[in-house]
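Peer 1:
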Amino acid sequence: MQSRLKKMRVEDIDHLGIIAGIVDQIGLEALVNDCLGTHVQQKVSPGQGIKAMILNGLGFVSAPLYLYEEFFVGKATEHLLGEGIGPSHLNDDYLGRLLDKVWAYGPSQLFSVVSMAAYQAFGLDSRRYHLDSSSLSVHGAYESANDEPGCIEITHGYSKDHRPDLKQFVVETICTNDGGVPLAFEVASGNQSDKAVFAARLKTFAEHWSVEGILVADSALYSADNLAILGSLRWITRVPLTLSAAQAVVTEIDPEAFVASERDGYRLARVCTTYGGIRQGWVVVENQTRVETDCQQVDKQVAKQLIKATKQLRRQQTLEFNCAADARRQAEALATRWPYHCLSQLDVVEQHHYAQSGRPKTGATPTQVTYQITAQIVADDVAIHQAKRKAGRFILAINVIDDDTLTDEIILSDYKGQSVSEQGFGILKDPLFFTFSVFLKTPERIVALATIMGLSLMVYTLAQRQVRRALDQANETLLDQRKRPTQTPSLRWIFQKFQAIHLVWLNEQPQVSNLSPERLNILRFLGAPCQKYYLIC
């Protein structure tokens, strides 16, 4: 009995076989090896190293880079990465050198090579592309300027993490609407402005990918200069309401121009206009839920600003002026700072001053005359009505106005697809994502590691898309967390379902344990590259 036990060992596979299978389906190992080069004495090739980092990044356990080797202890490392590879080969020295190789080759170029292969291997839909950005915070000073060509600056900037106390860098993604798969991934300085670079990013991407579809982005893209850069490219973007023309449209548009949307609670209206010399269509969108919320917010602002205006007027009424016109002018200037209130019964009162204190004698001549104002504050009903009239409204612009298939409904749906980018950033910012515990010393390695994060996001979205498409094509469902049937399960939930799957070696013969009927059923929708890590008997 004891001799038999000595020949038995158990290693964890869990959900890592799913990740490894998607990496294999892309052909990532060979692509990375071709780009970064290999050496005959290397035990772990660059492709295997990046595959290992993706496994770690999507392991969803707290395992920072300096504990990277420990992450693979107890895992089926050889089974997932290749014969002869063990945890000791994946130490921090090796990973640091690998990140340096990624930087030397060009992180964005490497990502592009892999994404192009993924696009072809999975047959991604190329009709819509979504551009967005987010900030990622880091710990450390990073005080010295870096003279490395093309290197980013780790610095303070607008924090989408709500951590203004930390320095940061920015990541930009261009994703397909088909599963939110990132096809382009850029790492930029922490103080970069989206408005300054978005158009150039889309232009470069469109040239590299020969884009014929529509590019979708938020309002940072919309400026006369950016639209000129885009040229003949087709785009949908949100119009910033800071533009006077946009303010006029959302305020003055005829309510009868709106038609009910297929989406509950939405109404749509089309306006043709020209901006930046480009003829375009503006779709005015009204969200009824936001109308109610925004109107309530206006009422709160009116009440809050009345208190503030009352205090300001009270102080103004104590001031004395040598000229009646000055007193009136300053009072009127004060009122212009109130968005929802104005002055009523404004009057200027003379104040006589005498040489002696006390009550002056009849007929005494004042030595000085000053002027003070008296007035009341009233609500500006017109301004409040206009604010409520534009409540819940925003504008989407499109430069394709001669295509009847691009209806207002489709334009709204395409813009709503921006959520795929936000969901991707949510994955990268998961508290268990390994990168968030990393303290790297150089911006170059941060850029390289961020690129590995992008590749991890690519693998995650491809796997999730694979399951959902297979379920839809087979007209089948899986049970979600609440035991309800769904055709759109999250990959995170599937990962949880695959915990406690082991590779058991008994007398040097491998077999996979805990493959329940439910897990076997899920594997049907993941394809052969993933199945090979579990169905080995």
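Residues 6 to 542 in the numbering used here are what the sequence shown lists, from first letter to last. We put the CB at the ideal spot given by N, CA and C, even for glycine. Computed from a predicted model, the values in this text were never measured in an experiment.
(1) Alpha carbon to alpha carbon, how far is TYR465 from ILE55? Give it in angstroms, no decimals.
(2) Taking the alpha helix (DSSP H) that GLN335 falls in, what are its first and last residues?
(3) If you measure between the beta carbons of ILE378 and VAL353, is that distance less than 8 Å?
(4) Mind checking which residues open and close the alpha helix (DSSP H) that includes ASP199?
(5) Compute the Euclidean distance between the alpha carbons of LYS421 and GLY32, then round it to the nearest angstrom.
(6) Identify every residue that forms a DSSP beta bridge with ASP17.
(7) Give every residue of the same chain whose Cβ lies closer than 7 Å to the Cβ of LEU484, excluding the five residues on either side of it in the sequence, and list them in chain order.
(8) Comparing alpha-carbon positions, which option in PHE77, ASN38 and GLY162 lies nearest LEU141?
(9) For a quick check, are the C-beta atoms of VAL143 and PHE116 less than 8 Å apart?
(10) Grouping DSSP H, G and I as helix and E and B as strand, with all else coil, what is ILE541?
(11) Consult DSSP for LYS48 and reduce its assignment to one of helix, strand or coil.
(12) Taking only the alpha-carbon atoms, compute the straight-line gap between MET6 and LEU540 and give it to the nearest angstrom.
(13) My understanding is that ALA189 touches GLN285, with C-beta atoms under 8 Å, so please give their C-beta distance in whole angstroms.
(14) Considering only their Cβ atoms, is the gap separating ARG473 from GLN486 smaller than 8 Å?
(15) From ARG423 to VAL28, what distance separates their C-alpha atoms?
(16) Going by DSSP, what residues sit across from ASP170 in a beta bridge?
(17) How many angstroms separate the CA atom of GLN53 from the CA atom of GLY87?
(18) Mind checking whether HIS346 and ALA384 have CB atoms under 8 Å apart?
(19) Please confirm if the region 452-470 is in contact with the region 491-508, defined as three or more CB-CB distances below 8 Å between the two stretches.
(20) Along the alpha helix (DSSP H) that carries ASN231, what are the first and last residues, could you check?
(21) Restricting to runs no shorter than 3 residues, where is the beta strand (DSSP E) found entirely within the region 292-373?
(22) Is TYR280 helix, strand or coil when you go by DSSP?
(23) Tell me the rounded alpha-carbon separation between CYS40 and PRO51.
(24) If you draw a straight line from the C-alpha of PHE446 to the C-alpha of LEU454, how long is it?
(25) Would you call the CB atoms of LYS552 and HIS94 closer than 8 Å?
(26) Quickly, what does DSSP pair HIS390 with across the bridge? List them, please.
(27) Per DSSP, which residues does ILE179 bridge with? Please list them.
(28) Roughly how many angstroms lie between the CA atoms of PRO413 and ALA25, to the nearest whole one?
(29) Hey, quick one: how far does the beta strand (DSSP E) through SER117 stretch, first residue to last?
(30) So for PRO522, helix, strand or coil by DSSP?
(31) Leaving out five residues on either side along the sequence, give the residues of the same chain with a beta carbon under 7 Å from the beta carbon of PHE263.
(32) Can you tell me whether GLN471 is buried or exposed, with buried defined as 16 or more other CB within 10 angstroms of its CB?
(33) Closest to LEU411 by C-alpha separation, out of GLN46, VAL288 and ALA229, would be which residue?
(34) With the cut-off set at 8 Å, would you say LYS200 and SER228 are in Cβ contact?
(35) Can you grab the Cα-Cα spacing for the pair PRO522 / THR482, in whole Å?
(36) Out of GLU325, ILE457 and LEU476, point me to the one whose CA is closest to GLN114's CA.
Peer 2: Inspection of the coordinates gives the following:
(1) Distance between the alpha carbons of ILE55 and TYR465: 15 Å.
(2) It spans 329-340 - the alpha helix (DSSP H) in which GLN335 sits, taken as one unbroken run.
(3) Between ILE378 and VAL353, the C-beta gap is smaller than 8 Å, which places the two residues in contact.
(4) 199-214 is the extent of the alpha helix (DSSP H) around ASP199.
(5) Taking the straight line from one Cα to the other gives about 32 Å.
(6) Answer is LYS80 and HIS507, bridged to ASP17.
(7) So the qualifying residues of the chain are PRO490.
(8) Check the Cα spacing between LEU141 and each of PHE77, ASN38 and GLY162: the tightest is with GLY162.
(9) No, they are not a contact pair.
(10) When secondary structure is reduced to three states using DSSP, ILE541 falls in the coil class, being assigned neither helix nor strand.
(11) In the three-state reduction of the DSSP assignment, LYS48 falls in the coil class, being assigned neither a helical nor a strand state.
(12) Only weak support exists for where MET6 lies, its pLDDT of 48 falling under 50; the value from the coordinates is given anyway. The alpha-carbon atoms of MET6 and LEU540 are separated by roughly 28 Å.
(13) Not confirmed; about 25 Å, so no contact.
(14) No, they are not a contact pair.
(15) Looking at the sequence provided, one finds Gln at residue 423 rather than Arg. It is roughly 25 Å from the alpha-carbon of GLN423 to the alpha-carbon of VAL28.
(16) In the DSSP output, where bridge partners are listed per residue, ASP170 has none listed.
(17) The alpha-carbon atoms of GLN53 and GLY87 are separated by roughly 8 Å.
(18) Yes, these two residues count as a Cβ contact at 8 Å.
(19) Taking 8 Å as the limit for Cβ pairs, the verdict is that the region 491-508 does touch the region 452-470.
(20) Per DSSP, ASN231 belongs to the alpha helix (DSSP H) from 229-235.
(21) If we require 3 residues or more, the beta strand (DSSP E) runs fully inside the region 292-373 come out as 346-358.
(22) If DSSP states are grouped into helix, strand and coil, TYR280 belongs with the strands.
(23) The straight-line gap from Cα to Cα measures roughly 9 Å.
(24) This sequence places Lys at residue 446; Phe is not what is there. Distance between the alpha carbons of LYS446 and LEU454 is about 12 Å.
(25) Residue 552 lies beyond the stretch modelled for the chain, which goes from 6 to 542, so this question has no answer here.
(26) Paired residue(s): none; HIS390 is not in a bridge.
(27) Residue pairing by DSSP places ILE179 opposite LEU136 and ALA189 in a beta bridge.
(28) It is worth fixing the name first, because residue 413 is Asp in this sequence and not Pro. Here the alpha carbon of ASP413 sits roughly 41 Å from the alpha carbon of ALA25.
(29) First-last for SER117: 112-127, but that is the alpha helix (DSSP H), not the beta strand (DSSP E).
(30) The answer is helix: DSSP assigns PRO522 an H, G or I state.
(31) Cβ within range, chain order: ARG272, LEU273, ALA274 and GLU291.
(32) Buried, since its Cβ has 16 or more Cβ neighbours within 10 Å.
(33) It is VAL288 whose Cα lies nearest to the Cα of LEU411.
(34) In contact: LYS200 and SER228 (Cβ atoms closer than 8 Å).
(35) If you draw a straight line from the Cα of PRO522 to the Cα of THR482, it is about 15 Å long.
(36) For the options GLU325, ILE457 and LEU476, the alpha carbon positioned closest to that of GLN114 is the one of ILE457.
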